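Just below is one structure, and these are the notes that go with it.
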Amino acid sequence: MEYKQIQELIKTINKSSISELSIEDGDFKITIKQEFSSGQVTYAAAPMMQQAMPMQQMQMAPQQQAAPAPSAAPAEKPAAAEAASNGVTVKSPMIGTFYRSPSPDKPVFVNVGDEVKAGQVLCIIEAMKLFNEIESEVSGRIVKVLADDSSPVEYDQPLFIVEPM
494 MEYKQIQELI KTINKSSISE LSIEDGDFKI TIKQEFSSGQ VTYAAAPMMQ QAMPMQQMQM
554 APQQQAAPAP SAAPAEKPAA AEAASNGVTV KSPMIGTFYR SPSPDKPVFV NVGDEVKAGQ
614 VLCIIEAMKL FNEIESEVSG RIVKVLADDS SPVEYDQPLF IVEPM
């Protein structure tokens with residue numbers, strides 16, 4: 494099973510009332526558990542005996558139970574829509590934690606007003622202890638940063654507005 498398929502599966506489970514799902518595909522096995530009473534969802538990929546991969550776990554709050562997000566989102570949407578009409582929106586390709594710099598003691602990758610080139614790293618998203626560099630799709634200038642450093646982000650969530658040059 495590929496990483497993107499696992500991401501889509503997790504996203505679908507988060508939106509449903511399913512409490513547990515197990516899938517076996519050849520020598521690969523994954524179990525996704527969603528605990529509604531504690532407010533947390535636990536994801537565990539458990540390899541079969543033939544594989545030498547370590548077991549990985551990820552815990553995050555389900556979308557429908559995140560209290561601060563619904564109240565903050567409506568206030569930001571008009572500003573994001575206004576900025577998006579002038580530029581290209583760079584969106585998160587995955588669920589994870591958004592970081593503006595490569596490490597806490599390093600400077601941020603980009604600031605508002607910085608000129609960027611296509612392929613330049615804008616941020617990092619950590620998903621399942623993997624750090625994924627997110628690159629600009631266009632050359633231009635950063636108009637707005639839409640996500641807070643060290644905050645959780647959803648799949649397809651707007652991260653930056655880039656004004657093409």
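Numbering (this note's numbering), first residue to last: 494 to 658.
All residues carry an ideal CB built from backbone N, CA and C; glycine is no exception.
In this text, all values refer to a predicted model and were calculated from it rather than measured experimentally.
Nearest to Q498 by alpha-carbon distance, out of K610, Y648 and I654, is Y648. Inclusion of S585 and V609 in the CB contact set at 8 Å is not warranted, their separation being larger than that value.
Between K526 and M621, the alpha-carbon positions lie close to 16 Å from each other. By the neighbour-count criterion, in which 16 or more other beta carbons inside 10 Å mark a residue as buried, V605 falls on the exposed side.
Between T582 and E619, the C-beta gap is not smaller than 8 Å, which leaves the two residues out of contact. As DSSP reads the structure, S515 sits in a beta bridge with T524. Taking the C-beta atoms as reference points, V614 is found no nearer than 8 Å to F624. Where Y592 is concerned, the enclosing beta strand (DSSP E) starts and stops at G589 to Y592.
M658 and A611 have their alpha carbons spaced roughly 11 Å apart. A direct Cα-to-Cα measurement between I523 and D607 gives close to 42 Å.
Scanning its chain for C-beta atoms nearer than 6 Å, with the 5 sequence neighbours on each side dropped, one finds around I516 the residues I523, in chain order. Residue state for E630 is assigned as coil, using DSSP reduced to three classes.
Judged by DSSP in its simplified three-state form, E647 adopts coil rather than helix or strand.
Its chain contains V655, E656, P657 and M658 as the residues whose beta carbon lies nearer than 6 Å to that of G633, once the 5 sequence neighbours on both sides are disregarded; these appear in chain order.
S509 and I503 have their C-alpha atoms spaced approximately 10 Å apart.
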